[in-house]
Structures are given as structure tokens and as C-alpha cells.
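To keep things clear, I will list the structure first and then write my remarks on it.
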Amino acid sequence: MKNSASIARLEELGLCKKVENTDGTVCFIKDQQLDASCACSTLQHSCLLDVDSEPGQIRKTGIICTIGPASREINTLVGMLEAGMNMARLNFSHGTHKACGATEIQLVAGANVKITSDPKWRTKCSPSVIYVDYANISTTVAPNKHIYIDDGLVSLTVLSKGWIICAYLIDGDSLLCVVDNGGTLGSQKGVNLPKTNVDLPAVSEKDKEDLLLGVEMNVDMVFASFIRSAAHVRAIRDILGAEGQEIKIISKIENYEGIVKYWGIGMA
Numbered sequence: 001m002k003n004s005a006s007i008a009r010l011e012e013l014g015l016c017k018k019v020e021n022t023d024g025t026v027c028f029i030k031d032q033q034l035d036a037s038c039a040c041s042t043l044q045h046s047c048l049l050d051v052d053s054e055p056g057q058i059r060k061t062g063i064i065c066t067i068g069p070a071s072r073e074i075n076t077l078v079g080m081l082e083a084g085m086n087m088a089r090l091n092f093s094h095g096t097h098k099a100c101g102a103t104e105i106q107l108v109a110g111a112n113v114k115i116t117s118d119p120k121w122r123t124k125c126s127p128s129v130i131y132v133d134y135a136n137i138s139t140t141v142a143p144n145k146h147i148y149i150d151d152g153l154v155s156l157t158v159l160s161k162g163w164i165i166c167a168y169l170i171d172g173d174s175l176l177c178v179v180d181n182g183g184t185l186g187s188q189k190g191v192n193l194p195k196t197n198v199d200l201p202a203v204s205e206k207d208k209e210d211l212l213l214g215v216e217m218n219v220d221m222v223f224a225s226f227i228r229s230a231a232h233v234r235a236i237r238d239i240l241g242a243e244g245q246e247i248k249i250i251s252k253i254e255n256y257e258g259i260v261k262y263w264g265i266g267m268a
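So for the sequence shown, full-length UniProt numbering puts the first residue at 1; every next one is plus one.
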């Protein structure tokens, strides 16, 4: 350390120690994990690490905090900033499709279950019938494809479209599935359809309202969920318009189609 002003500042902050060598010379050593630096083995080094030690360098990783009901008060936000929050995230939506609209149900591996978009089941989910709000799910998802619910906590395999009784198709607007991985399923859980190209629009009417609100609030960036192609990014950019041209779009790739088309998404 050649800069005396820097050394004095580090000493003031307690981040370095002045050490006299046996030959009378003086050196300054950074105090972070000083004990661990003198260890004779990897095990001893790990044992001597101090979790309360001040960092030796300024961190380069940003902390993104999602703001919700528990953190919306001004004093709480100020405290989060003082604790190191670099970016505040406002979550306007969650997921694409939603499963169930009632109380928790228990799904057992090996059991059959019907997936339907019929609104009459919206609040009547049971271990034998699950409602989802994707109207075209029965025409989009083919037999032998998988359906993941609640981040994969529950996994289903599609057996057929509707129920086949005596060679007649019954309830063709639903899917007959078998539960691969059971568990407790609550309301409003996300549904993922791996290796299935869904026909949902890139931006819903609510998404448009949220994006325009973001422009009005002068946000720095938009985190766009379930981006599946470059066209989806361009659709968002068109909605942001000239007034929001400086807003960055962070594409969240969350399904198979998005992975396959990631290069185009990155270039959009």
C-alpha cells in the first residue's frame, strides 16, 4: 500500500492492521479473514473464517428486491436501501396459466386426474378434476406430453384427450392425465407445458396496461415472463413506444420453446 491517505482511511475503518516486522520495518495488512490467512491446511482455513468480517472489496453483485405488501412502507424501503438493495422489482403478474381456484387438494402418484378449462370447475377443483385458465390446453397438449404444476412440484403425463368410453370420446375439451409426482396443490399455481408450443399471445391486455404504467412511472427495465420468441420482445417494445424506448427489456426464458429460440430473443 503506497497511498498513505488510503492506508489512514482503512485504519480508520478498521479494515487493516499496522504490523511491525522483526527487522523493524512496518507493513499494513488487510484485516479481513486475517486469522484464516495464517492457516496451515484447508480444513483449518475453513474453521477460522469469520462470517462477521467486513468485506475486503466492494461487492460487484447487485441485490434485486421484489416489493410487496410487507415492504411497501417508506421506512421499510429506506431500511432496505441502507441494507444494500440496488434495485426494486415490482411484480405485476405471476406465471402464464393458473391452476385451481379453490382450497388445497392432495394428488397421489398413479391416480388419474382430469385437466379442464371449463369455468364451472374454477372453484371446484378436486383430486380428480383440476381447472386451468388456458382455454386451448386440450387442443394444444398432445398425449404423452407432460404438465408441470407449481414449479414442477406436481407432474402429470397426458394419457388422452377427454375420456374414451366404448370407443366414444367423452368430454373432448379436457385432458385425461396420470399423476407422476403427487403432492399438495393450492390455488393459483403456475402451469408449465414443456416441449409444447402454446398459442397464447405474447402480451395480454393486462400486460399492456402494466407496460404503459411502467412507462408512466419511468421504470428502468421490464422483466418479461415466459418470452418464447423474438416476436414477443418486439411486441413489448412496440407497446413501450417512443416514450419508453430507453427502458431495457429483460427476457425471462422459462420454457422449451424459449430455449430453442434463445438466440433470436437475445438479438431482438
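Glycine residues also receive a C-beta, built at the ideal position from the N, C-alpha and C atoms.
Backbone secondary structure at residue i - three-state DSSP
i           : result
residue 181 : strand
residue 44  : helix
residue 200 : coil
residue 215 : helix
residue 245 : coil
residue 227 : coil
residue 173 : strand
residue 260 : helix
Boundaries (first-last residue) of the alpha helix (DSSP H) holding residue i
i           : result
residue 231 : 230-240
residue 152 : Premise fails: residue 152 is in no alpha helix (DSSP H) and is neither H nor E.
residue 255 : No alpha helix (DSSP H) holds residue 255; DSSP gives it neither H nor E.
residue 137 : 137-140
residue 269 : This structure cannot speak to residue 269, because the chain is shown only from 1 to 268.
residue 76  : 74-83
Cβ distance (whole Å) where residue i is taken to contact residue j below 8 Å
i           : j           : result
residue 208 : residue 239 : 6 Å
residue 174 : residue 116 : 4 Å
residue 158 : residue 110 : Going by Cβ atoms, the distance from residue 158 to residue 110 rounds to 15 Å, so no, they are not a contact pair.
residue 222 : residue 211 : 7 Å
Status (buried if at least 16 other CB within 10 Å, exposed otherwise) for residue i
i           : result
residue 23  : exposed
residue 192 : buried
residue 242 : exposed
residue 108 : exposed
residue 154 : buried
residue 52  : exposed
residue 274 : Nothing can be reported for residue 274: it is not among the residues displayed for the chain, which extend from 1 to 268.
residue 246 : exposed
Beta-ladder partner(s) of residue i, from DSSP
i           : result
residue 265 : DSSP, once it has assigned bridges, lists no residue as partnering residue 265.
residue 117 : According to DSSP, residue 117 bridges with nothing at all.
residue 157 : 146, 178
residue 107 : 183
residue 112 : 178
residue 67  : 90
Opening and closing residue of the beta strand (DSSP E) in which residue i lies
i           : result
residue 88  : 87-90
residue 224 : 221-224
residue 49  : Premise fails: residue 49 is in no beta strand (DSSP E) and is neither H nor E.
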